[in-house]
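Only one structure is covered here, and it is reproduced in the block below.
In the UniProt record's numbering, the protein residues as written are 1 to 301.
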């Protein structure tokens with residue numbers, strides 16, 4: 001049954017065209033998130049209401065990750081950059097793909113760090129229909145390992161609380177999978193279907209894990225978020241006042257606030273007028289408890 005709890009508008013400055021990748025920093029008690037297609041990084045301190053926006057010089061700002069040294073990894077087009085919000089300094093870390101070499105029209109998209117400090121990130125086809133993307137593991141020494149290919153839109157990367165299970169979604173294939181991970185070397189095995197929406201065309205997007213091992217997922221175009229139990233059953237569905245939720249994370253001092261990014265992309269002017277919260281940052285309190293975000297262990301020796 002669809003259930004509508006109290007949903008709070010945390011921030012809305014006219015809307016993100018494609019809001020994405022919210023992350024809670026336990027060190028600063030800040031929430032950061034991106035607007036992929038109006039390339040900018042939002043930073044919000046909920047306790048004070050302080051908000052800032054940092055624009056980036058790129059076509060696409062695909063995703064972000066926190067690092068152990070207090071910096072961030074920012075996915076600009078097809079290259080990961082380090083970014084230090086304290087100084088504003090940014091520099092290339094590693095190019096994951098090269099469109100000039102492949103002949104593709106790809107960009108980096110969803111990424112997440114595992115318990116051992118490795119970044120898992122995917123690429124996607126900018127035309128949203130060709131299987132030109134891939135899935136990668138990026139280690140702290142800037143080595144890049146291709147894990148899989150034949151991806152249209154990489155999304156929904158999340159890890160079980162013990163770090164031994166990884167979720168991955170291809171939004172435009174309308175399917176999600178789960179893998180087992182070897183913590184020692186990052187090898188993944190036993191790929192199996194987690195959710196298959198190929199018959200309905202539903203588009204699972206970004207995801208987050210809670211302390212109970214339940215996976216929360218946003219459904220782009222579906223106007224809802226859902227919670228899956230560890231055995232893959234949907235036990236909760238929450239309708240939202242927007243058509244395009246994109247991603248979500250738990251935050252706040254006790255990780256009991258679920259933040260949800262949204263988008264106005266693909267909405268007509270009439271739809272936007274009827275949907276004034278499209279592109280806003282939303283929040284729901286008290287529906288679960290999350291876990292601290294893992295941090296990328298960059299080799300800076």
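Positions of the beta carbon are idealized from the N, C-alpha and C atoms, including for glycine.
Coil, strand or helix - residue 273 by DSSP: In the three-state reduction of the DSSP assignment, residue 273 falls in the helix class.
Given that a residue counts as buried once 16 or more other Cβ atoms are within 10 Å of its Cβ, and exposed if not, what is residue 128? Residue environment for residue 128: exposed (fewer than 16 other C-beta atoms within 10 angstroms of its C-beta).
Span separating the alpha-carbon of residue 262 from that of residue 246: Looking at the two C-alpha atoms, the distance is approximately 5 Å.
Please work out which residues of its chain come closer than 7 Å, Cβ to Cβ, to residue 286, disregarding the five sequence neighbours upstream and downstream, and give them in chain order. These residues qualify, in order along the chain: 256.
In terms of residues, what are the limits of the alpha helix (DSSP H) holding residue 101? Looking at the DSSP string, the run of the alpha helix (DSSP H) that includes residue 101 is 99 to 102.
Just to confirm my understanding: we take residue 165, look at its own chain, exclude 5 residues before and 5 after, and list those with CB closer than 8 Å. What are they? For residue 165, where only same-chain residues beyond five positions count, the Cβ hits under 8 Å are 159, 178, 179, 180 and 181.
Keeping to the same chain, check which residues put their C-beta closer than 8 Å to that of residue 40; ignore five residues upstream and five downstream. Here the set comprises 34, 53, 54, 55, 56 and 61.
Keeping to the same chain, check which residues put their C-beta closer than 7 Å to that of residue 30; ignore five residues upstream and five downstream. The answer, listed in chain order, is 43, 44 and 45.
Using a Cβ-Cβ cut-off of 6 Å (strictly less than) and excluding sequence neighbours within five positions of residue 63, which residues of its own chain qualify? The residues are 21, 75, 110 and 111.
Nearest residue (CA-CA) to residue 350, options 223, 196, 27 and 233: The structure shown does not extend to residue 350, since the chain is modelled only from 1 through 301, so no value can be given for it.
How many whole angstroms separate the CB atoms of residue 209 and residue 161, which I take to be in contact at a CB cut-off of 8 Å? Yes, they are in contact, since the Cβ atoms of residue 209 and residue 161 sit about 7 Å apart, within 8 Å.
Can you give the beta carbon distance from residue 134 to residue 146, rounded, assuming they're within the 8 Å contact cut? The C-beta distance from residue 134 to residue 146 rounds to 6 Å, short enough to fall under 8 Å.
Buried/exposed call for residue 14, threshold 16 Cβ in 10 Å: It is exposed - the Cβ of residue 14 has fewer than 16 other Cβ atoms within 10 Å.
Taking the runs of the beta strand (DSSP E) that are 3 residues or longer, which of them lie wholly in the stretch 198 to 277? With a minimum length of 3 residues, the continuous beta strand (DSSP E) runs that stay inside the stretch 198 to 277 are 204 to 209, 215 to 219, 224 to 228, 234 to 239, 245 to 251 and 257 to 262.
Opposing strand residues paired with residue 96 [DSSP bridges]: Bridge partners of residue 96: none, in fact.
Of all the alpha helix (DSSP H) runs that stay within the bounds of the stretch 73 to 159, which reach a length of 4 or more residues? List check, alpha helix (DSSP H) in window: 99 to 102.
What does DSSP give as the partner residue(s) for residue 56 in the beta ladder? Paired residue(s): none; residue 56 is not in a bridge.
Excluding five sequence neighbours on each side, which residues of the same chain lie with their C-beta closer than 8 Å to the C-beta of residue 264? Excluding five sequence positions before and after residue 264, the CB atoms of its chain that fall closer than 8 Å to its own CB belong to 15, 16, 17, 244, 272, 275, 278 and 279, given in chain order.
heavy atom of the ligand ATP below 7 Å from residue 44 C-beta: The ligand content of the structure shown is nil, which means the ligand ATP is not present either.
In this structure, does DSSP put residue 32 in helix, strand or coil? In this structure, residue 32 counts as strand in the three-state DSSP scheme.
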